[in-house]
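Please read the structure below before turning to the comments.
Residue numbers (UniProt numbering): 1 to 142.
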């Protein structure tokens, strides 16, 4: 599973300014969670929500952001001892290719949904965007 944050500080939705994308590399399934900030605590809460639905992956890959490289995320290993965290190389988003492509898809779908529904509330759109993204046909899965 790869995780990343999308910056929405230029389009805040109430108190939410960040979009947390958890993307399963093998099933292509994603979880989209609005965050108030990009602190380790907020990220850990998002991960707990995901892990309580699908369990923790064996490998959790992220970039080198301080919100991902800290004791709070490592503390989740007490609850889910079988997962390992791996961090991509600094300033090399290519190492996070799967989630970076997912970020692009999410932003495109989100933009279309917001235009069609004439809204600036991206938080309201997230469940629909997640459903659209997760029901998309993936040739790789055949």
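Note that beta-carbon positions come from the ideal geometry of N, C-alpha and C, so glycine has one too.
The three-state secondary structure of residue 80, taken from DSSP, is coil.
Fully contained in the UniProt domain "Integrase catalytic" (1-142) are the following beta strand (DSSP E) runs of length 3 or more, in chain order: 2-7, 18-23, 30-35, 59-62 and 84-87. One alpha carbon belongs to residue 56, the other to residue 86, and they sit about 14 angstroms apart.
Note on geometry: alpha-carbon atoms of residue 43 and residue 113 lie some 25 angstroms from one another. Linking residue 23 to residue 102 through their CA atoms gives a straight-line distance of about 7 angstroms.
Residue 133 sits buried, since 16 or more C-beta atoms from the chains shown fall within 10 Å of its C-beta.
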